[in-house]
Amino acid sequence: MIKNITSKQQKVLKYYDEYIKKNWFAPTYQQAWDDLEISPSVVFSHIKNLDKKWYLISSWKEKSVQILSDSQNIPLIWDIACWEPISVYENCNDYIDVPKTMLKWWWSFYWLKAIWKSMINAWINSWDILIIRKQDDVDNWDIWVAVMWEYEDEEKATLKRIFHNGKDLILKPENDNFPVIVIKKWEVRWKLVWVLRNY
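Shown next as structure tokens:
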């Protein structure tokens with residue numbers, strides 16, 4: 023996933039890496055502008071390009087930059103359908119690096135690739151990378167990987183916002199073009215904790 027970067031992007035990456043190691047947080051764009059002598063808009067552009075090339079992770083908060091050099095490998099388990107359920111299988115031959123600061127819980131972490139568009143209103147699109155953690159207790163209205171056994175005893179899974187009413191599990195898509203699913207034989211295994219956008 024790592025791609026070549028320009029000399030200017032490398033300069034910005036080195037600056038952010040050294041600044042974060044020294045101060046424990048990222049600089050503002052104004053601070054980077056002063057130190058690097060380039061405009062905040064150029065800093066922002068370099069940050070977004072470095073994010074796309076998997077050298078760091080950023081968000082709309084300018085101090086939330088995470089350098090991927092201090093990272094941990096987590097395994098791919100399978101692609102996950104965001105529409106109708108697909109068969110569950112494991113494939114741990116592929117890994118992704120994520121910042122250790124993202125993995126502050128003790129649960130086991132994995133990643134999935136999203137398929138289809140039933141969760142687009144939750145900002146989850148096809149081929150986005152989903153960081154999930156293993157968790158047994160259900161938090162209603164959060165987004166989970168739900169596993170069901172209503173397909174001739176074959177395990178199938180889907181990614182949905184869930185609600186447990188004490189009897190059935192209600193799987194709600196984040197797209198009005200897809201139906202709500204109600205299942206009786208189910209298990210929730212992984213909770214969504216992070217979405218890495220695939221540009």
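Counting with this note's numbering, you get residues 23 to 221 for the letters of the sequence shown.
Just so it is clear, CB atoms sit at the ideal spot from N, CA and C, and this is done for glycine as well.
A quick note: this is a predicted structure, and the numbers were derived from the prediction, not measured.
| query | result |
| --- | --- |
| Strand pairing of His186, partner residues [DSSP] | Leu191 |
| Proximal residues to Ile192 (C-beta, below 8 Å), its chain only, five neighbours per side dropped | Ile184, Phe185, His186, Val202, Ile203, Val204 |
| Pick from Lys206, Arg211, Met170 that is closest to Asp159, judged by C-alpha positions | Arg211 |
| 9 Å Cβ cutoff met for Phe131 and Ile151 | no |
| Cβ neighbour criterion (16 or more within 10 Å) applied to Tyr117 | exposed |
| Buried or exposed by the 16-neighbour rule on C-beta atoms within 10 Å, applied to Lys213 | buried |
| 9 Å Cβ cutoff met for Asn197 and Met141 | yes |
| Between the CA atoms of Trp138 and Trp46 - distance to the nearest angstrom | 38 Å |
| Contacting residues, own chain, Cβ-Cβ under 7 Å from Trp55 (five flanking each side not counted) | Ser61, Pro62, Val65 |
| Val217 versus Asp190 - alpha carbon distance | 27 Å |
| Buried/exposed call for Lys182, threshold 16 Cβ in 10 Å | buried |
| DSSP state of Lys44 mapped onto helix, strand, coil | helix |
| Spatially closest choice to Leu222 from Met170, Ala144, Trp149, by CA coordinates | Given that the chain is displayed from residue 23 to residue 221, the structure contains no residue 222 and the question cannot be resolved. |
| Cβ neighbours of Gly188 in the same chain (closer than 8 Å, five flanking residues each side left out) | none |
| Residue environment, Thr28, which counts as buried when at least 16 other CB atoms sit within 10 Å | exposed |
| Cβ-based burial, Trp166 [other Cβ within 10 Å; buried from 16] | buried |
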